[in-house]
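Chemist:
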Amino acid sequence: MKELVIISGKGGTGKTSLCASFAILSGRCVVADCDVDAADLHLVLSPKVQRHESFTGGRRARIKAGHCIACGKCEELCRFDAIFFDGPGNGRVDRTFRVDPPACEGCGVCAWFCAEKAIECAPVISGEWFVSEARCGPMVHARLGIAESNSGKLVSLLRQQARQLAEQKGIELILVDGSPGIGCPVIASLTGAGLVLVVTEPTPSGEHDLKRVVELVRHFGIALAVCVNKWDVNPGMSERIEAYCRSESIPVAGRIRYDRAFTHAQVQGRTVVEAAEDGVAEDIRSLWRAVAPGGWLSW
Ligand code: SF4
Ligand code: SF4
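Using our numbering, you'd call the opening residue of the sequence shown number 5 and step up by one each time.
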């Protein structure tokens, strides 16, 4: 079983659209949408949900107003400024303290130190995850609640599910649409992968973020390749990025031109490789021939 992870240093480089096209070109694979903070692969692959589960990602404090004596210890100790002195009165004090749920990180310090045992820090449902069937094969994806954290934990869960599905169904390829950036969800997206494809764009921020993500992938000792999307928007910058890759011995797997066909296909709920044969669709096919298992990158 092989696992190809597609990431980008910054958002908006076309990573998800490429992943969807690769899924179609692969014929059959397990797809995991691990960009859980902004999941949108389902918009193009239109999966039919077969199973959904709640995701319990962390804990959150709640003050039991009836037990609070308004000593203020919890507010003093909370390093996330998540506790406020505007809760209801309870017969002993006019006002009690309360927790602002989105600000609470669930560290449990307040509950530990409350002498009145007035705080409970309980698990919370942060979102849901799905096992679906898309037109390219099984798909795992998720919906994280607004302002919910623990996306790294959710990414790990999705990848574990993707591997189980691949094993059960005898599917040889897992395609992972990873998160942008270099934080916890990205690390959870790429550890253990066979190949990481970094999608960048020819802009100063694209170049800057590419270098950060290259450092991260190398830290984990994973093979990587780069492709420049919309390369013809700034050919000089594209050449500079590719020169950097050559100097670092990073394979440049391909270039993708800017083409509105990409967006038009998405508006129709299709990938560009289903909607067109030439132009940008041919660029993506060529890129796929490089990064596919058994392709010229030989991973
Ligand atoms: S530490 Fe406990 S008793 Fe004191 S203000 Fe906080 S919740 Fe109330
Ligand atoms: S659990 Fe931690 S973050 Fe949440 S309110 Fe208590 S001290 Fe603050």
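The C-beta atom is built at its ideal place from N, Cα and C for all residues, glycine as well.
Treat the numbers as computed from the prediction; the structure is a model and nothing was measured.
Mapping DSSP to helix, strand and coil, what is P239?
Modeler: helix
Chemist: Quick one: Cα of D44 to Cα of E124, how far?
Modeler: 35 Å
Chemist: Roughly how far, in whole angstroms, is the beta-carbon of C72 from the beta-carbon of T100, given that I think they are within contact range, below 8 Å?
Modeler: 4 Å
Chemist: Ligand 1 and T100: does the residue's C-beta get closer than 8 Å to at least one heavy atom of that ligand?
Modeler: Checking the 8 Å criterion, the Cβ of T100 is within range of a heavy atom belonging to ligand 1.
Chemist: Which residue from E211, C118 and G112 puts its Cα closest to that of A126?
Modeler: Measuring C-alpha to C-alpha distances from A126 to each of E211, C118 and G112 identifies G112 as the nearest.
Chemist: Beta-carbon within less than 8 Å of P239's beta-carbon, same chain only, minus the 5 sequence neighbours each way: which residues are those?
Modeler: If we look at P239 and ignore the five residues flanking it on each side, its Cβ neighbours are P206.
Chemist: Would you say the stretch 10 to 29 touches the stretch 174 to 190, given that touching needs at least three Cβ pairs under 8 Å?
Modeler: yes
Chemist: Could I get the ranges of all uninterrupted beta strand (DSSP E) runs contained in the stretch 57 to 140, with 3 residues as the minimum, in chain order?
Modeler: Those beta strand (DSSP E) runs which fall completely within the stretch 57 to 140 and span 3+ residues are 87 to 91, 100 to 103 and 123 to 138.
Chemist: May I ask you to report which of helix, strand or coil DSSP gives Q270?
Modeler: helix
Chemist: Based on the DSSP secondary-structure assignment, which residues constitute the bridge partners of M143?
Modeler: V35 and S136
Chemist: Rounded to the nearest angstrom, how far is the Cβ of V295 from that of A257, given a contact under 8 Å?
Modeler: 5 Å
Chemist: DSSP on R261, reduced to helix/strand/coil?
Modeler: coil
Chemist: Under the rule that 16 or more other beta-carbon atoms within 10 Å means buried, what is I28, buried or exposed?
Modeler: buried
Chemist: Select from K6, F134, A279 and R64 the residue whose C-alpha is nearest the C-alpha of D104.
Modeler: Of all alpha-carbon atoms in K6, F134, A279 and R64, the one lying nearest the alpha-carbon of D104 is that of R64.
Chemist: Can you pull the DSSP bridge partners for C231?
Modeler: V203 and G258
Chemist: Does at least one heavy atom of ligand 2 sit under 8 Å from the Cβ of F84?
Modeler: Yes - ligand 2 has a heavy atom lying nearer than 8 Å to the Cβ of F84.
Chemist: How about V203: is its C-beta nearer than 9 Å to some C-beta of chain B?
Modeler: Included in the structure is just one protein chain, with no chain B present.
Chemist: Is the beta carbon of C33 sitting closer than 9 Å to the one on L162?
Modeler: no
Chemist: Alpha carbon to alpha carbon, how far is I260 from C249? Give it in angstroms, no decimals.
Modeler: 16 Å
Chemist: Going along the chain, which residues of its own chain have a beta-carbon closer than 6 Å to the beta-carbon of S209, five neighbours each way excluded?
Modeler: K14
Chemist: At which residues does the alpha helix (DSSP H) containing P208 begin and terminate?
Modeler: P208 to H223 is the extent of the alpha helix (DSSP H) around P208.
Chemist: For D41, does the three-state DSSP call read helix, strand or coil?
Modeler: Residue state, collapsed to three classes: helix.
Chemist: For E137, which residues of its own chain have a beta-carbon under 8 Å away from its beta-carbon, when the five flanking residues on both sides are left out?
Modeler: P51, K52, Q54 and M143
Chemist: Given a cut-off of 9 Å, decide if E109 and A86 are closer than it, judged by their beta-carbon atoms.
Modeler: The answer is yes: Cβ separation under 9 Å.
Chemist: Give the straight-line distance between the Cα atoms of G304 and E57, rounded to the nearest whole angstrom.
Modeler: The chain is shown from 5 up to 303; residue 304 falls before or after that span and cannot be answered.
Chemist: At which residue ranges does the stretch 166 to 193 contain complete alpha helix (DSSP H) runs of 4 or more residues, listed in the order of the chain?
Modeler: none
Chemist: Only counting the same chain, and skipping five residues up and downstream in sequence, which positions put a Cβ closer than 8 Å to that of V190?
Modeler: Correct list, in chain order: I11, G182, S183, P184, V217 and L220.
Chemist: The alpha helix (DSSP H) with S302 in it runs from where to where?
Modeler: From DSSP, S302 is part of no alpha helix (DSSP H); its letter is neither H nor E.
Chemist: Would you mind stating whether L148 and G61 have Cβ atoms separated by less than 9 Å?
Modeler: Result yes, Cβ atoms of L148 and G61 sit closer than 9 Å.
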